[in-house]
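Reading through the structure tokens given below for one structure.
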Amino acid sequence: MRIERLHRLKKLGALFYRSLTWKNISLLLLSIALTVTEKYVGAEIPEICGEADKRREVGLYKRAVIVIAAMKLLELSSHETANYIGFFAYASLAYNFKLKLFAMFMETDLDYHINRSGPETTGYLIRAGTYFYKLVEAVMEKLIPTILQLCFTIPKLKKYGSKEVNIFLGLVSAFVLVTCLFVEFRTVYVKRRSRHSDKALAGATETFENYEAIMLYCNQEREKQKYRLREKKFYSLNKRVELITSAMKHIQQLFFVANILVFAYGKPKEDIKQGDDKRSLLPLITYLSTLFEQLTTMGSFYYTLMTSLANLDVSVEIEEQCAHGPDNYRRRRSGY
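If you want it as structure tokens, here you go:
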């Protein structure tokens, strides 16, 4: 299953590459540069705040506050501008992707279209563009910012001890793995809930469409019972989804607290007695809070990745047909 996902991801990477234009590349690079600025500035602010508290002159203190405010403004504006520019890049990429996909549909054998209805193919074409957009958006707004946040936070945490940083990296890896496992487990019940919701909707629709016959045979009580059972099943599945989500969030918080203990509990006794604030708790908690807030988006990213791969499977199939059928392509182009 995982090998199949990797194969799909590789094929989608090839389609993504073919959908790129210089305009898209420029917009994506600009968006990434702004995200780098946002994460770098955000990682520097806690340290500068700590330095500002040490100022004993009013002028220096106020100057430091102005610098902090300017940096925060730069961080926020970089974030918003990156998202704004990213929107145009994702939309343009999805547009190019749909054009490429439509062109590939036009190069497939007639047998492929005989076995599929027109509305089915059209529906897939629209859905593929949407999920391709979501996948690129998830990579740019969740995966890349998380990697950057880690890259800028780890150097800040090294002053709390290199041994502690190694434990921290192990806990972060476990955090991401556990989150992905919970997402996979939750997705199973989300799909079941969705299927059951569709069945319940179809059942209720059928009941109202045949209401005259139901009244004629006095089957109202039976229909009420059927509806009650359908809703009870949906309610049960919904509870499981929420329970899994809640458990995942609780475990994520435990990882966060565990990292605070790893860095703070091991503070040397000499530093505590002498009042050394090089390993101050306030910047530590700020660094970890920001990082783990970003890390929680990995669950959303992984869910988007799974659903996108599932909904873009036909594009992989079409791409393989076009890759393995160059002779048919040449014959059609030459008119034979």
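When we follow this note's numbering, the leftmost residue of the sequence shown carries the number 3, and every step to the right adds one.
Think of the CB as a built atom: it goes at the ideal place given N, C-alpha and C, for glycine as much as any other residue.
- For R129, the closest C-alpha among the options K144, Q254, K100 is that of K100.
- Spatial neighbours of S33 in its own chain (CB-CB distance under 7 Å, excluding positions within 5 residues in sequence) are listed in chain order as A84, I87, G88, A91, M142.
- Between L36 and the set H81, G301, S21, L14, the nearest pair of CA atoms involves H81.
- 7 Å or more divides the Cβ of F257 from the Cβ of F184.
- The residue from T148, S28, L173, K228 with its alpha-carbon nearest to that of L95 is S28.
- Note on geometry: alpha-carbon atoms of R195 and L245 lie some 14 Å from one another.
- The beta carbon of S21 sits closer than 7 Å to those of L95, N98, F99, K102, all from its chain and outside the five residues before and after it, given in chain order.
- A direct Cα-Cα distance of roughly 29 Å separates L293 from A93.
- K41 and Q151 have their C-alpha atoms roughly 6 Å apart.
- Between F18 and K144, the gap from beta carbon to beta carbon reaches 7 Å or more.
- Below 8 Å, enough C-beta pairs join the region 64-75 and the region 48-56 to call them touching: three or more.
- Remark: fewer than three beta-carbon pairs, one from each stretch, lie closer than 8 Å, so the region 220-234 and the region 161-179 are not flagged as touching.
- CA-CA distance, T247 to L307, rounds to 18 Å.
- Judged by beta-carbon spacing, V38 lies beyond the 7 Å limit of L76, meaning their Cβ atoms are not closer than that value.
- A contact between stretches requires three or more CB pairs, one per stretch, nearer than 8 Å, and the region 151-160 meets this requirement with the region 283-293.
- Under the three-state reduction of DSSP output, T209 falls in the helix class.
- For G301, the CB contacts under 6 Å within the same chain, skipping 5 residues up- and downstream, are T181, V185 in chain order.
- With contacts defined by Cβ atoms closer than 7 Å, F134 and N261 do not form a contacting pair.
- Looking at L11, L297, Y289, the one whose alpha-carbon comes closest to that of Y162 is Y289.
- Every alpha helix (DSSP H) stretch that sits fully inside the region 3-55 and reaches 4 residues is listed by chain position as 4-21, 24-55.
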